[in-house]
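Notes to accompany the following structure.
There are 2 protein chains.
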Amino acid sequence: MVPTRWVYVYGPDRVDGRGDMKELLGGKGAGLHEMARLGIPVPPGLTITTEACVYFFRNGSFPEGLKEQVREGMALLERWTGKKFGDRVHPLLVSVRSGARVSMPGMMDTILNLGLNDESVQGLAAQTGNPRFAYDSYRRLIEMYADVVLGVDRHLFEERLEAKKQEAGVRSDAELSAEHLRALVEEYKALVEKHADQAFPQDPWTQLWLAIQAVFASWNNARAQEYRKIHGIPDDWGTAANVVTMVFGNMGEDSGTGVAFTRDPATGEPRIYAEYLPNAQGEDVVAGIRTPYKIEEMQRRFPELYEELLRYARILEEHYRDMLDLEFTVEKGKLYFLQVRVGKRTGRAMIRIAVDLVKEGKITREEALRRVDPYKLEEVLHPMLDPAWIRENGHRELTRGIPASPGAAVGTVVLDPEEAARRAEAGEKVILVRAETSPDDIKGMARSEGILTARGGATSHAAVVSRGMGKPCVVGAEALQIDEENRTVTVVGEDGSRVLREGEVITIDGNTGRVYQGEARLIPPEMFGAFDTLLSWADEVRKLRVRANADTPEDAARARAFGAEGIGLARTEHMFFEGERIYAMQEMILADTEEERRAALARLLPYQKEDFKGLFRAMDGYPVTIRTLDPPLHEFLPKDPESQQALSRKLGVPVEKIRSRVEALLELNPMLGFRGCRLGILYPEITEMQARAIFEAACEVARVGVQVYPEVMVPLVSTEGELRNQRDRIEAVAREVFDAYGVEVPYKIGTMIEIPRAALTADEIAGTAEFFSFGTNDLTQTTFGFSRDDVGKFLPKYIEMGILPHDPFQRLDVQGVGQLIRWAVQRGRQTRPDLKVGICGEHGGDPDSVRFCHQVGLDYVSCSPYRVPVARLAAAQAALDGKDQG
Amino acid sequence: MVPTRWVYVYGPDRVDGRGDMKELLGGKGAGLHEMARLGIPVPPGLTITTEACVYFFRNGSFPEGLKEQVREGMALLERWTGKKFGDRVHPLLVSVRSGARVSMPGMMDTILNLGLNDESVQGLAAQTGNPRFAYDSYRRLIEMYADVVLGVDRHLFEERLEAKKQEAGVRSDAELSAEHLRALVEEYKALVEKHADQAFPQDPWTQLWLAIQAVFASWNNARAQEYRKIHGIPDDWGTAANVVTMVFGNMGEDSGTGVAFTRDPATGEPRIYAEYLPNAQGEDVVAGIRTPYKIEEMQRRFPELYEELLRYARILEEHYRDMLDLEFTVEKGKLYFLQVRVGKRTGRAMIRIAVDLVKEGKITREEALRRVDPYKLEEVLHPMLDPAWIRENGHRELTRGIPASPGAAVGTVVLDPEEAARRAEAGEKVILVRAETSPDDIKGMARSEGILTARGGATSHAAVVSRGMGKPCVVGAEALQIDEENRTVTVVGEDGSRVLREGEVITIDGNTGRVYQGEARLIPPEMFGAFDTLLSWADEVRKLRVRANADTPEDAARARAFGAEGIGLARTEHMFFEGERIYAMQEMILADTEEERRAALARLLPYQKEDFKGLFRAMDGYPVTIRTLDPPLHEFLPKDPESQQALSRKLGVPVEKIRSRVEALLELNPMLGFRGCRLGILYPEITEMQARAIFEAACEVARVGVQVYPEVMVPLVSTEGELRNQRDRIEAVAREVFDAYGVEVPYKIGTMIEIPRAALTADEIAGTAEFFSFGTNDLTQTTFGFSRDDVGKFLPKYIEMGILPHDPFQRLDVQGVGQLIRWAVQRGRQTRPDLKVGICGEHGGDPDSVRFCHQVGLDYVSCSPYRVPVARLAAAQAALDGKDQG
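Which chain is which? The protein sequence lines are P and W, in order. All you need for this note's numbering is the position in the first sequence, starting with 1, plus 24. All you need for this note's numbering is the position in the second sequence, starting with 1, plus 24.
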């Protein structure tokens, strides 16, 4: 039997591993082997496999043969470097670093300078002619080793270091002399003996074995476990351990350390982007005490190094066919690469690079499509917080909520929508801060830079409307207590409260849910050719149609510009709040008889008709799905006494009547109350007016050559009887209007599937519906029993605790809600094979959910205009995945 | 080919039909044929089949052969009676009456005295020696015929009659002379000519054919269609038409008419119950002008008739093996039976008769079990409105709501629970009238005779709690506007409003949802031996276990008395409102830290423990399912400023803090908010306290010999992770307590399935749950998207419109909710074959729903104590049905 190979070695004349062996060698290890294979200068080393780690966890000890293989590898390193492990003259020093399949930055442990002891430190001093450097390296080894291997608190060492500086009367570490450091080494050793009940091991092999064990063990430390849970990384993968020859960038001005991206990670521009710090180690860069040179300065000061770097970067990029993130060190004029990996990048860089690589002939269009993360795509369309600002201003964070609509916004805190509108009209940039928003607030929301609410979840009113408007929004920031009377917002924290007054400036980040005090630096959005190019490629491969949720002709036009192929959801009620319309609506609600209601509705009809004409014109040639009235009627009446008085004067209706109607309409659980088609069934005249507006509008624009495809959608259906009731009325109006106009337009009548019962009885409902549109916001609410408005109280905690993997209002819950969808699609198509099926919940713009929609065979997804590009790309990726699978 | 038989004749020497031919001959016809067959005196007649009716509807004409067969039958009637149809000397008169398969009282048309015309009326006058009678009969025929056949408005004839009385200077019809009536006949004929554009037909055959057609047509009149829709009778059954020789009870003191029940329909006592009115026709009895003789007086005055009636009643009951409702007429001393059918009866009579019939050897136990309508069973346990009072006082009806808890109650209107408790303690009987109730109101509810709310549905708080208390309750009476400030209730009606003041007396009927002004006459409940006997038979055949929902030892004891085999749902929160406990609960909610919460919880622990001990003792030997805390926390804090002030003083907590906590806890849709296991997950110390109380109580009573089987039930689970989180904590506490007590009791941990997602992922959840209990109240809410509290706004209308066949909160929606249940049971048992599955929603006490539970293989149902007998019987019937089906 061939003994298992636990150790892979690489160096100038032998490379055991390859770049595609990430599972076995981890990402870092595979990269080192691959570079060695390509002839890129790397410090020689060896990689102990993830399998050895897994064995170690299962058995509590190294597998047979591992130590021998490591010894053989170390012998090779000695041969290649001409040094000797633990030697008092030419000591070989190594680092031991973890490296899992996927990068887990900073999660696991590393030990540097391994191989130093009381004897070899002298060798290092002699060899480098720099005793200060040698003792500093030794001190660091002891500290790291004590912490990582022996579990001694690192602060003890830091305290000693501080004491030593005081003793020496110096302020920085660098001012300590070799003598100071030598003394410190002794003190450190004493500390180890005292706190670990054992001496720091002088035997380098003991150091090595224990260091490898410690690196393996760090796979299971608390923060690594947490990180894996958050990122969905399996616990049983294990980590590899890399033993790499040390190279030092801090050996003088001909040494240094740096990082490089083969293209600009912020913009994607095809030019190398690097930072270099002479006479420094990686830690010094991280500590941020000295400012590294940017690429231009590097080119000027170290032209040879720059050229060399450029050359290797080109080779590597050519080889990896992607933008790379490289770490390098220069030791006495010699360049070494320590790490290669695919580079992280902003959304816009991601797009630019993918498209450029296609143009450069390096990757195919399909590869380009697969490489762009659709979640990042939306970022491009909104201002974003400058990452550098965040690094510098983390302490300004006030609180966190649920990220509900992407982009960042800066503005003054304003607590009510009227005031927000007033200030905005006067030129002030404002952030509307509310407990929650209601349809009443829309005007104020439209004028604000962004919206922040204390309540609600990712599909609350504030969230949905903000996304529709393309405005940054953070919801469910439960720590906020809003006092409208005193015009203050109190941020309740564990260590006391802070009070913000109206007019103070804050910044909200709709990508992360964070709220900051003061004005942050934003990066403006930028449209560019690569964006359109990529999406045009996406359109070629996707099967799903992409529509937009749009309520106004302006939204519809924007949606078309983003590539929407129709409207999947026009919420008619959003049209009722503008100008004079609201009064007609309110009169309708206050009416006592059907006649009065009809009179008020007749006044609404021309408005609705104009709106619909606008939508039809904007979507010439594409379907427009119009939902009949959905929200509970009380949303249209004012709740506070003052506004009720004003309304009373305006309409000439006794305020007492308004009050009593508001009271009669109030509900304990309006989400499950008198709304949706329930309204249209009890007040058929409402549905009739809306149907009339739709069909008259359609006929009028059809006459002038617009191609209209109205789809009338009945909301909140839970039984077939409800839909039948509404369909009969809508059809009757359609016939009437067509007869009157002498025009006939093709139309469909269908229903939202947003109540579990509708999904469960989809076979029956499909007998009456020509299309289904999954209203996954409500369907998620009812399937989980989660109110989108109240979920902030426990959902963030659920996700933190791992009870839910993600917010089901943002990413479709495939297991539960998805099961209902799957069932409804199958059953519905059994009854009606040509049933058109789409989704118009917020999930229609979420890439993972779009993938699911593709898999279950929907015809289209519909989302807010700004997410249309996201959906187009996600749909293309889903189609490519489908192709792969057969 | 044998020609189809459309006509079945019965008489002294030939009977074509049988009693089991109801489908063909209708109920009335089949009864007449069967009586004739048994030798019971019936006026001879013939029945035209329902098939003829169906043919008539399909083809618009009588089928071939029908007329010939009718003529043959009429010839037989002539032979048997010695009279001749249309004869001027001995005219044969007949009635034409509808008669469907099932009784549809008053829904369809009847024509009497057919065969009279200007000539035969003289014959009748001569034959009877009573011209007044003859012309009165003729007048009535013309009126009925004009109305039913020719569609002339009946009021026109009534106006003429009134005018004639004025002319004659008399007040009652009876005072009109033969001459007056003869003149009236002429006026009536003129009216017909004028309004129907045709003369009243003198040809008796024309009369007959058109009358038969009219009776057929009446099957499709609007009120019959409506009736069928309500009672689920298929439209295509059609009605039979009976042509029956007329007999007259108004031919003098040796004539008369009456009805008889073979047993007392109110009590079930085995003695005949009859009413008899001499010298009268059926119409006179209905008109209620004269008071009929009761059976005792009849026996005294007409002993021979009484004996004859008794004899035939015995023969018929022996034959039909059930209590019968008979109509009879005496013509000149000769008794005729006109109708036989199974008699309607009260719930208690139903039980008594079924059990008596078994004892008399007439039916089997299984038949007895099948014959008792479980919906009627509950009636026996509560006071009910005297039907006679309702007949006389229909105008006192104020409004209707949803019947939520059975029984009737009389009391003074009181608008708040404190006042209700005060008045009740002073000896006043009160009805608590509220917009809706909350857990705060429980004390007041307990002291009231009944509860009436303006909002809510059949599973609202008021409904559920009332049923638990066995108190009459009407909810969702949306016409009520309650003004607590002015202490009035306004009943908004279409014809104006009425104002009730606090202290006025009303009556509520929890069986029908009706509310009456003033004090109604009630029939008290009565327990009796037959009830227990019947239920003991039910217990022998049923497969389902029956448990009770009970929160207190008193409820538990009552449930045991009703035959409950354990507790299926103990709502721990109901225990938190009594006495001092509420303060500890409130302190817990107001606590800022886990420590403070734990301190408050520690004070609650002893109370909970005592409660659980009481439950365990009452259910010695049976399982007790205890649900951990379920309602949202804001339910425990006062909302009004006054009570907040009081609480502030009591607890020494700033009122500002109470207010702000209330505000922070308020939710837009609390039903879908921070409640159920979501509380126990975020505040694990609550679950831990409750688990501790359960297991300590169990150990303490187990030590003294009580057999305890606690089942801890986690509410509102939507993901397996939630249940696992809570199970881990509960198990840890159990281990701790068992160790401390040195006692181990068997226990189970399971979950409510009350959220669609839990049902959809039942396979996964069953891995963690040892039992499921379907919480069908919440499951119905979320599956339909109906809030139980707000459904009153549209659900009654939905049922009226036929969009839903019944209230899904009262009777399980098998198609939607039932599908989730079926799925969850199957998937759950796939994962865990011995999974125990029950139901604890209100449907557990609804007979139809119990049948479904049996069919899908549940182990038990659980319902409020008063419905335990209902469930026992329903379970038995379901088992019997199952046996039938194989």
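Virtual Cβ for every residue (Gly too), placed ideally from N, Cα, C.
Hey, how far is the Cα of residue i from the Cα of residue j?
i, j, result
"glycine 527 of chain P", "glutamate 508 of chain P", "13 Å"
"alanine 793 of chain W", "glycine 774 of chain W", "4 Å"
"glutamate 342 of chain P", "serine 161 of chain P", "37 Å"
"leucine 657 of chain W", "histidine 867 of chain P", "31 Å"
"alanine 501 of chain W", "glycine 276 of chain W", "51 Å"
"glutamine 18 of chain W", "aspartate 171 of chain W", "Since the displayed chain W opens at 25 and closes at 910, residue 18 of chain W lies outside it and no answer follows."
"glutamate 543 of chain W", "threonine 461 of chain W", "24 Å"
"phenylalanine 719 of chain P", "threonine 483 of chain P", "31 Å"
"leucine 671 of chain P", "proline 463 of chain P", "17 Å"
Within 10 angstroms of the Cβ of residue i, are there 16 or more other Cβ atoms? Answer buried if so, exposed if not.
i, result
"glutamine 901 of chain P", "buried"
"alanine 54 of chain W", "buried"
"serine 490 of chain P", "buried"
"histidine 204 of chain P", "buried"
"asparagine 535 of chain W", "buried"
"aspartate 133 of chain W", "buried"
Comparing the C-beta of residue i with each C-beta of chain P, is any distance below 7 Å?
i, result
"aspartate 814 of chain W", "yes"
"aspartate 744 of chain W", "Checking the sequence, you will find glutamate at residue 744 of chain W rather than aspartate. Closer than 7 Å: no."
"isoleucine 779 of chain W", "yes"
"glutamate 691 of chain W", "yes"
"arginine 651 of chain W", "no"
"glycine 697 of chain W", "yes"
Report yes or no: is there a C-beta of chain W within less than 7 Å of the C-beta of residue i?
i, result
"glutamine 305 of chain P", "no"
"phenylalanine 600 of chain P", "no"
"leucine 148 of chain P", "no"
"lysine 14 of chain P", "Only positions 25 to 910 of chain P appear in the structure, and residue 14 of chain P is not among them; the question remains open."
"phenylalanine 818 of chain P", "yes"
"isoleucine 532 of chain P", "no"
"leucine 70 of chain P", "no"
"threonine 807 of chain P", "yes"
"phenylalanine 810 of chain P", "yes"
Following a CB-centred definition, is residue i positioned closer than 6 Å to any heavy atom of the ligand HEM?
i, result
"tryptophan 847 of chain P", "Here there are no bound small molecules, and the ligand HEM is not part of this structure."
Would you call the stretch 698-710 of chain W and the stretch 747-763 of chain W touching, i.e. three or more CB-CB distances under 8 Å? yes
Where in the stretch 132-195 of chain W do unbroken runs of the beta strand (DSSP E), each at least 3 residues long, occur, reported from the N-terminal end onward? 134-138
Is it the case that the stretch 460-479 of chain W contacts the stretch 543-555 of chain W, given that we only count it when at least three CB pairs across the two stretches are under 8 Å? no
Note down, one range per segment and in chain order, each beta strand (DSSP E) of at least 3 residues found wholly within the stretch 701-764 of chain W. 733-738
Within the chosen definition, does the stretch 704-712 of chain W reach the stretch 813-830 of chain P through at least 3 CB pairs nearer than 8 Å? yes
Any contact between the stretch 509-516 of chain W and the stretch 376-384 of chain W? By contact I mean 3 or more CB pairs, one from each, below 8 Å. No, the stretch 509-516 of chain W is not in contact with the stretch 376-384 of chain W.
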